[in-house]
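Novice:
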Amino acid sequence: MSILKMYNESRVSLSKYIEYREKLVENIKQLNNWNLGIYGESTEGRELYYLRHQAGKDKPTIMIVAGFHGSEPASIAAATLLPYSLEYNDPITPYYRPDEILENLNIVIVPLINPDGFNKYIECYKRNNEPSWKNTCILARFNANMKDLNRDWVYLEEKETRYLHLLINKINPHFISDHHEFLAAKESPPKWAIETEGFMATLTDNPYMLIRDDLVEVSAEIMNETGYSIEKITGWKTKYRHFGGGKRTALPPYVLGSHVPLENIPKLLVETWGVGLHDYLWDERVNVHLTAMYSILYYAVKNAEKLLEIKKRDDPPPYDFE
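When the letters of the sequence shown are read in order and numbered with my numbering, they come out as residues 1 to 322.
1) Going along the chain, which residues of its own chain have a beta-carbon closer than 6 Å to the beta-carbon of glutamate 322, five neighbours each way excluded?
2) At the level of alpha carbons, what is the spacing between aspartate 116 and isoleucine 310?
3) Excluding sequence positions up to five away, which residues of its chain have a Cβ less than 7 Å from the Cβ of proline 91?
4) Residues in the same chain with beta-carbon distance under 7 Å from glutamate 225, minus the five sequence neighbours each way, listed in chain order, please.
5) Specify, as a first and last residue, the run of the beta strand (DSSP E) that phenylalanine 175 falls within.
6) By how many angstroms is the C-alpha of asparagine 119 removed from the C-alpha of tyrosine 49?
7) Closest to alanine 78 by CA distance: which of Arg21, Arg127, Pro60 is it?
8) Among Val275, Glu19, Val255, whose alpha-carbon lies nearest the alpha-carbon of arginine 151?
9) Can you find the residues in the same chain that come closer than 6 Å, C-beta to C-beta, to glutamate 9, ignoring five residues on each side of it along the sequence?
10) I'd like the ranges of any beta strand (DSSP E) spanning at least 3 consecutive residues and lying wholly in the region 128-206.
11) Using only CA atoms, which one of Tyr125, Asn145, Met146, Asn143 lies nearest to threonine 136?
12) Taking the alpha-carbon positions, what's the glutamate 44 to lysine 147 distance?
13) Between which two residues does the beta strand (DSSP E) harbouring arginine 52 extend?
14) For proline 111, count neighbouring C-beta atoms within 10 Å of its own C-beta (all shown protein chains included) and say buried if the count is 16 or more, exposed if not.
15) Pick out the complete beta strand (DSSP E) segments inside the region 15-77, 3 residues or longer, and give them in chain order.
16) For aspartate 283, count neighbouring C-beta atoms within 10 Å of its own C-beta (all shown protein chains included) and say buried if the count is 16 or more, exposed if not.
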């Protein structure tokens with residue numbers, strides 16, 4: 001079976017994505033200017049990998065991460081499929097030009113931070129894939145040590161978070177987008193998240209205490225553009241700044257989204273309704289995440305100088321010891 005066929009089927013079927021995921025990852029090297037790298041191993045010894053496209057040292061680097069929680073498969077799939085969407089010139093809308101994105105950006109994708117959790121999800125899905133707020137495969141949220149990897153960013157106790165932190169420090173990206181799915185209130189389904197939560201997707205930037213003003217500005221701009229794109233292209237109602245706050249809010253750096261801005265990396269948290277849905281609305285959920293990824297990348301193309309300027313401020317001034 002061709003890789004293109006695997007890509008197309010994975011976009012519309014969770015079971016097909018599970019079947020083809022490893023082959024899609026292995027074949028990333030067949031794409032132009034994409035490489036597969038290993039940055040560590042999980043608690044159970046599974047490889048932790050990233051997908052990388054390089055356009056040049058003078059270009060901004062955008063990092064896309066997904067799969068902190070194994071029970072959030074649509075975000076994992078979108079991150080895995082994005083390189084193929086870009087290479088096959090298959091964007092969500094003609095407005096986004098994949099050739100322009102690939103020419104002007106370095107892209108690093110970590111599609112599956114928690115492979116042990118995702119393996120638990122696959123086992124759970126095979127036992128029962130009925131969409132229900134009661135059927136969340138909750139154990140798959142955690143790694144093999146039953147730890148939430150997105151609550152481990154103060155002490156970095158787990159291998160998966162330590163390895164990812166080292167990779168982020170090595171790459172030193174100009175922006176990070178962090179992709180998740182959320183569990184809506186009970187009765188969703190059969191009710192929709194918009195009926196119970198009031199929204200279908202959420203976006204959270206970083207307007208918090210101790211975050212530099214230029215990082216706050218960039219994250220807010222990207223959040224607003226991404227939210228507009230999600231609602232216009234997919235029709236999914238989006239809530240902004242789901243985890244609220246402002247300049248007077250002091251957030252401990254215990255999650256990725258509150259940790260990396262303190263290392264002078266602006267970020268956006270993207271979440272869609274999806275935990276417990278399994279096959280339900282699979283193509284829509286994947287497309288919402290792909291839409292968000294494209295919106296972020298296209299912003300970076302249009303605002304490359306602004307992103308590059310952020311990193312210039314990281315260089316410490318010379319110190320006169322005399």
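Cβ coordinates follow ideal geometry from the N, Cα and C atoms, glycine included.
Since the model is a prediction, treat every value here as computed from it, not as a measurement.
Specialist: The structure says:
1) The residue labelled residue 322 in the question sits at position 322 within the sequence shown. With a pLDDT of only 46 at glutamate 322, under 50, the local geometry of the prediction cannot be trusted, and no value is derived from it.
2) As a working mapping, residue 116 is identified with position 116 in the sequence shown. As a working mapping, residue 310 is identified with position 310 in the sequence shown. So the two alpha carbons sit approximately 35 Å from each other.
3) For the purposes of this step, residue 91 is taken as the residue at position 91 of the sequence shown. For proline 91, where only same-chain residues beyond five positions count, the Cβ hits under 7 Å are Ser85, Pro98, Tyr294.
4) Translated into the one-based positions of the sequence shown, residue 225 becomes position 225. For glutamate 225, the CB contacts under 7 Å within the same chain, skipping 5 residues up- and downstream, are Ser295, Tyr299 in chain order.
5) Walking along the sequence shown from the start, residue 175 turns up at place 175. It spans 175-182 - the beta strand (DSSP E) in which phenylalanine 175 sits, taken as one unbroken run.
6) Your numbering for residue 49 matches position 49 in the sequence shown. Your numbering for residue 119 matches position 119 in the sequence shown. C-alpha separation (whole angstroms): 15 Å.
7) For this step, residue 78 is matched to residue 78 along the sequence shown. Cα-wise, what sits closest to alanine 78 is Arg21.
8) Translated into the one-based positions of the sequence shown, residue 151 becomes position 151. That would be Val255, whose Cα lies nearest to the Cα of arginine 151.
9) As a position in the sequence shown, residue 9 is number 9, starting the count at 1. Counting only Cβ-Cβ distances below 6 Å, and skipping sequence neighbours, we find Lys16.
10) 175-182, 201-204
11) As a working note, residue 136 is residue 136 in the sequence shown. Nearest neighbour of threonine 136 by Cα position, chosen from Tyr125, Asn145, Met146, Asn143, turns out to be Tyr125.
12) The count along the sequence shown starts at 1 and reaches residue 44 at position 44. The count along the sequence shown starts at 1 and reaches residue 147 at position 147. Spanning the two alpha carbons is a distance of roughly 13 Å.
13) Here the question's residue 52 lines up with position 52 in the sequence shown. Arginine 52: member of the beta strand (DSSP E) spanning 47-53, first to last residue.
14) Working through the sequence shown from its first residue, we reach residue 111 at position 111. Label assigned to proline 111: buried.
15) 34-41, 47-53, 61-66
16) The residue given as residue 283 occupies position 283 in the sequence shown. Result: exposed.
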